[in-house]
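Engineer: Protein sequence lines, in the order shown, are assigned to chains L and Z. At position 164 of the first sequence the residue is numbered 164 (the working numbering), and the sequence of numbers has no breaks. At position 354 of the second sequence the residue is numbered 1354 (the working numbering), and the sequence of numbers has no breaks. One structure is given below, represented as structure tokens, and several questions about it will come after.
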Amino acid sequence: MIHTSAPPLLALRGVFKRFGAVQALADVDLEVRAGQVIALVGDNGAGKSTLIKVIAGVDPADEGVVEWDGHAVQIHRPHDAQHLGIATVYQDLALCDNLDVVGNLFLGREIRRFGVLNEVEMERRTLELLNTLSISIPGVRRPVASLSGGQRQTVAISRSMLGEPKLVLLDEPTAALGIEQTAQVLDLVERLRDRGLGVLLISHNLGDVKAVADWVAVLRLGRNNGFFDVTTTSQEQIVSSITGASDNAVTRRTAREGEL
Amino acid sequence: MNRTRTTAGKSGASRKGGPAEPDRRTRAAAAEQTTPVRRAVALFKRRYHRGELGSVPVVLGLFLIWAIFQTVNPHFLSPRNLSNLSVDIVGTGMIAVGVIFVLLVGEIDLSVASVSGLSAATFAVLSVNQGMPELPAVLLAVLCGTGVGAVQGFFFAKVGVHAFVVTLAGLLGWYGLMLYIMGTYGTINIDDRGLVAKLTNFYFNDVAAAYGLAALGAAGYFLASWLDTRRRRRAGVPFRSLSETGLRTGVLVVVGFVAAALLNQFQGLPLALLIFLIVLVGLDYVLRRTAYGRMIFALGGGVEAARRAGLNVELVRISAFMMSGTMAAIGGLFLASRISSVSQTSVSNNLLMNAIAAAVIGGTSLFGGRGSTWSALLGVLVIQSIASGVALMGIQAAVQFMITGGVLLIAVVIDSLSRKAQKAHGRV
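Below you can see the structure in the form of structure tokens.
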């Protein structure tokens, strides 16, 4: 759909995923390029989170091809995705409330010195990372429970940046945030793009989507239902694509009559 | 302050990252100009509002309890009574340390009293009845506790039975096993001169021991803090000022030397207390400074987050129960040592309640994720002080239970309030 010569960072082709009787994803295609923000939108149950989980390796696809930098790859476990350079920030803030910012950032990949936690180095790197991402947080030694929702979200996103990923998956990063906090997070998303990362952003808020995304991929009932350039597409077009406004009882009847 | 700036600049030049936050430094500078007392008050207020009071309430409570009992009975703070107190706390305290590991991952272990009894019975039967040398008998008894913890942890973490139920079954089952092991013996007396008996009846009579320990503790703390400060300053991250380190070391020196002087007026430094302090320092280090300790805290703060961070949640959970079982077994040996015997009735209902209450009174949260091994020391001091004070006054145990119950309630209220305060703070 996008005509550029370099292969996309991530390409999904013909992805299927079934949970019991429910066909969650059917023949889904998606491409994400470096330095681009792709918004993934769709109604509840359209398969957005399922698709994210497929890419993150949490719930691998049943069928389909995943290409990374033009090469077919297998993502069976979260570790595979991380190894490729895919970082995921989940909707429900995967942070430990009682740990401080440094502790959360380095959870599971602590820097050690003689087998003991190297708190100094971790704190230094935390400050450096927050500084480069222009994130201001009252104190890196405060438990994240005492941070605001937006600050927590920025911590969660910066946590994903520690592994120096090439692609960041954000699952509704602005849900449940106030206006000011949403702006903080969207600013951060833009900074990620400016650093040349690919960003796949799930959002329910088309305002946010129009603000930061370059392209919008619409899912409807587990299938692709449009891929739009944000600058040239109206919000109404996206909405009708999400809701399937063109797909209703009347149109189906006409279609059927046409077949007869 | 000048020195800070230059070092921060140096690190900024050597690394590609920018300078440390400037506002943090100006704030630190402002704080430096006020007196330590004022700063302490400000810190207390800030922590109160953030719900991070930690051990402050329990220390105040302990002083209050001591003051009350001392006015009622002047023998309460006598060297003899305090020395006995320092040995009495160790058995329950060891069990409480294990309970803290389980509380930190957000679970509960109700079996600790039965496990402590089982361990003591195992030791007594092996060494006295079977004639096994004491050292291997001790090791087997402790391993028995570890094994019990592993079994309970398995049923909780792998099978998915609620920890409350697993350990409730353990409470009954291991008590039954202990009775079975003891067989027809109602009471087994252990060797008065043996290894286990020495645990609580050996004192370092030389005054140098207690003073030396106090000096060593303070010096060690100061050295560790100073090295940490130096490394932080070199790395250009915020560090604790020298005056604060000095203040903390000063408090430690005062507490340590007063305690040492008191102990030396009776029989000197008790071996039991020395072992307890070593265990506390060691496990505190494990919890705060190792990746394993970080995992324990992470589980208490959010299991899902820990799992997504790639932590082996099941293994950490099992290990917490193994710690609890091990420490319960060790505690059981100390309790047996204190009365030089193991009897079928040595597992009292109070022991379980006291161990869990000690952990909670000391400031470890029942909700998981907050606490430290030092809360075992503080909590068990409170509980044993009440028991000792009430005994000195010659009033019934009924009063002791009521007071301990009241203190526990206060402790839990403080825990809940600080959680609320923290949440409220987050919403600002």
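Ideal placement from N, C-alpha and C gives every residue a C-beta, glycine not left out. For clarity, every value in this text was computed on a predicted model and none was experimentally measured.
Starting from Z:Phe1297, find everything on chain L with Cβ-Cβ shorter than 9 Å and list it in chain order.
Structural biologist: Taking the first residue of the second sequence as 1, we reach residue 1297 of chain Z at position 297. Ordered by position in chain L, the residues that pass the 9 Å Cβ test against Z:Phe1297 are Cys96, Asn98, Leu99 and Gly103.
Engineer: In the DSSP assignment, find the unbroken beta strand (DSSP E) run with Z:Arg1193 in it and report its ends.
Structural biologist: To locate residue 1193 of chain Z, count along the second sequence from 1; it is residue 193. Taken as a continuous stretch (DSSP letters only), Z:Arg1193 belongs to no beta strand (DSSP E), as it is neither H nor E.
Engineer: Residues of the region 1295-1326 of chain Z with a CB closer than 7 Å to any CB of chain L: list them in chain order, please.
Structural biologist: Taking 7 Å as the Cβ-Cβ cut-off against chain L, the residues of the region 1295-1326 of chain Z that qualify are Phe1297, Ala1298, Gly1300, Gly1301, Gly1302, Glu1304, Ala1305, Ala1306, Arg1308, Ala1309, Gly1310 and Leu1311.
Engineer: Below 7 Å CB to CB, which residues in the same chain sit around Z:Gly1117 once its five sequence neighbours on both sides are set aside?
Structural biologist: Looking up residue 1117 of chain Z in the second sequence gives position 117. Around Z:Gly1117: Tyr1175, Met1178, Gly1332, Ser1346 and Val1347.
Engineer: Within its chain, find whatever has a CB closer than 7 Å to the CB of Z:Asn1354; leave out the 5 residues flanking it on each side and keep chain order.
Structural biologist: Translated into the one-based positions of the second sequence, residue 1354 of chain Z becomes position 354. So the qualifying residues of the chain are Thr1092 and Ile1383.
Engineer: Let's see if you can read the secondary structure: which residues bound the beta strand (DSSP E) around L:Asn225?
Structural biologist: For the purposes of this step, residue 225 of chain L is taken as the residue at position 225 of the first sequence. Arg223 to Asp229 is the span of the beta strand (DSSP E), which, as asked, contains L:Asn225.
Engineer: Strictly under 8 Å for the Cβ-Cβ distance: is Z:Arg1370 near chain L by that measure?
Structural biologist: The residue given as residue 1370 of chain Z occupies position 370 in the second sequence. Interface residue, yes.
Engineer: Out of Z:Ala1320, Z:Ala1272, Z:Phe1276 and Z:Glu1304, which has the shortest C-alpha to C-alpha gap to Z:Gly1293?
Structural biologist: Counting from one through the second sequence, the residue named residue 1293 of chain Z turns up at place 293. Of the candidates Z:Ala1320, Z:Ala1272, Z:Phe1276 and Z:Glu1304, the one whose C-alpha sits nearest the C-alpha of Z:Gly1293 is Z:Ala1320.
Engineer: From the DSSP output, which residues share a beta bridge with L:Ser49?
Structural biologist: Position 49 of the first sequence, counted from the start, is the residue given in the question as residue 49 of chain L. Answer by DSSP bridge pairing: none, since L:Ser49 is not bridged.
Engineer: So which residues on chain A does L:Gly108 lean against when the C-beta distance must stay under 7 Å?
Structural biologist: Included in the structure are the protein chains L and Z, with no chain A among them.
Engineer: Inspect the beta-carbon positions of L:Gly226 and L:Ser203 and report whether they are closer than 8 Å.
Structural biologist: Mapped onto the first sequence, residue 226 of chain L falls at position 226. Mapped onto the first sequence, residue 203 of chain L falls at position 203. No.
Engineer: Does L:Gly198 come out as helix, strand or coil in the three-state DSSP assignment?
Structural biologist: Position 198 of the first sequence holds residue 198 of chain L. Correct three-state label for L:Gly198: strand.
Engineer: By the 10 Å Cβ neighbour count, where 16 or more other Cβ atoms means buried, how is Z:Asp1490 classified, buried or exposed?
Structural biologist: The first residue shown for chain Z is 1001 and the last is 1428, placing residue 1490 of chain Z beyond what the model contains.
Engineer: When DSSP builds the beta bridges, which residues end up paired with L:Ile38?
Structural biologist: Mapped onto the first sequence, residue 38 of chain L falls at position 38. Looking at the DSSP assignment, L:Ile38 forms a beta bridge with L:Leu200 and L:Trp215.
Engineer: Between the Cα of Z:Tyr1185 and those of Z:Ala1124, Z:Val1380, Z:Asp1191 and Z:Ala1291, spot the shortest distance and give me the residue it belongs to.
Structural biologist: Here residue 1185 of chain Z corresponds to residue number 185 of the second sequence, with the count starting at 1. Of the candidates Z:Ala1124, Z:Val1380, Z:Asp1191 and Z:Ala1291, the one whose C-alpha sits nearest the C-alpha of Z:Tyr1185 is Z:Ala1124.
Engineer: Could you tell me which residues DSSP puts in a beta bridge with L:His71?
Structural biologist: Taking the first sequence and counting its residues from 1, the one referred to as residue 71 of chain L is at position 71. Looking at the DSSP assignment, L:His71 forms a beta bridge with L:Trp68.
Engineer: Tell me the DSSP secondary structure of L:Gly14 in three-state form.
Structural biologist: Translated into positions along the first sequence, residue 14 of chain L becomes position 14. If DSSP states are grouped into helix, strand and coil, L:Gly14 belongs with the strands.
Engineer: What is the rounded straight-line gap between the Cα of Z:Leu1280 and the Cα of Z:Ala1096?
Structural biologist: Position 280 of the second sequence, counting from 1, holds the residue named residue 1280 of chain Z. Position 96 of the second sequence, counting from 1, holds the residue named residue 1096 of chain Z. So the two alpha carbons sit approximately 11 Å from each other.
Engineer: Anything in the region 1222-1243 of chain Z with a Cβ closer than 7 Å to a Cβ of chain L? List those residues in chain order, please.
Structural biologist: Cβ contacts with chain L: Arg1231, Arg1232, Ala1235, Gly1236 and Val1237.
Engineer: DSSP three-state call for L:Asp171: helix, strand or coil?
Structural biologist: Locating residue 171 of chain L in the first sequence gives position 171, counting from the first residue. Residue state, collapsed to three classes: strand.
Engineer: For the region 1349-1365 of chain Z against the region 1131-1140 of chain Z, do three or more pairs of beta-carbon atoms, one drawn from each stretch, fall closer than 8 Å, so that the two count as touching?
Structural biologist: They do not touch, by the three-pair rule.
Engineer: Would you mind stating whether L:Leu170 and L:Val58 have Cβ atoms separated by less than 8 Å?
Structural biologist: Sequence index remark: in the first sequence, residue 170 of chain L carries index 170 (1-based). Sequence index remark: in the first sequence, residue 58 of chain L carries index 58 (1-based). No, they are not a contact pair.
Engineer: Answer with yes or no whether the minimum CB distance from Z:Ala1291 to chain L is below 8 Å.
Structural biologist: Residue numbering aside, residue 1291 of chain Z sits at position 291 when the second sequence is read from its first letter. For Z:Ala1291, the answer is yes, since a Cβ of chain L falls inside 8 Å of its Cβ.
Engineer: When the Cα of Z:Ser1241 is compared with those of Z:Phe1222, Z:Leu1417 and Z:Val1254, which residue comes out closest?
Structural biologist: As a working note, residue 1241 of chain Z is residue 241 in the second sequence. Ranking the options by Cα distance to Z:Ser1241, first place goes to Z:Phe1222.
Engineer: Go ahead and pull the three-state DSSP assignment for Z:Phe1063.
Structural biologist: Counted from its first residue, the second sequence places residue 1063 of chain Z at position 63. Reduced to three states, the DSSP call for Z:Phe1063 is helix.
Engineer: Quick one: Cα of Z:Val1148 to Cα of Z:Val1115, how far?
Structural biologist: Here residue 1148 of chain Z refers to the residue found at position 148 when the second sequence is read from its first residue. Here residue 1115 of chain Z refers to the residue found at position 115 when the second sequence is read from its first residue. Rounded to the nearest angstrom, the two C-alpha atoms are 8 Å apart.
Engineer: If the cut is a Cβ gap below 8 Å, which residues of chain Z does L:Leu167 touch?
Structural biologist: Reading the first sequence from its first residue, position 167 is the one you call residue 167 of chain L. Result: empty, since nearest Cβ-Cβ is about 17 Å, beyond 8 Å.
Engineer: Quick test of the definition: if touching needs 3 or more C-beta pairs under 8 Å, does the region 78-89 of chain L touch the region 162-178 of chain L?
Structural biologist: Touching, yes, given that three or more Cβ pairs across the two stretches are closer than 8 Å.
Engineer: Look at the Cβ atom of Z:Ser1340, then the Cβ atom of Z:Asp1192, and state whether they are nearer than 8 Å.
Structural biologist: Locating residue 1340 of chain Z in the second sequence gives position 340, where the first residue counts as 1. Locating residue 1192 of chain Z in the second sequence gives position 192, where the first residue counts as 1. Their beta carbons are under 8 Å apart, which means Z:Ser1340 touches Z:Asp1192 by this criterion.
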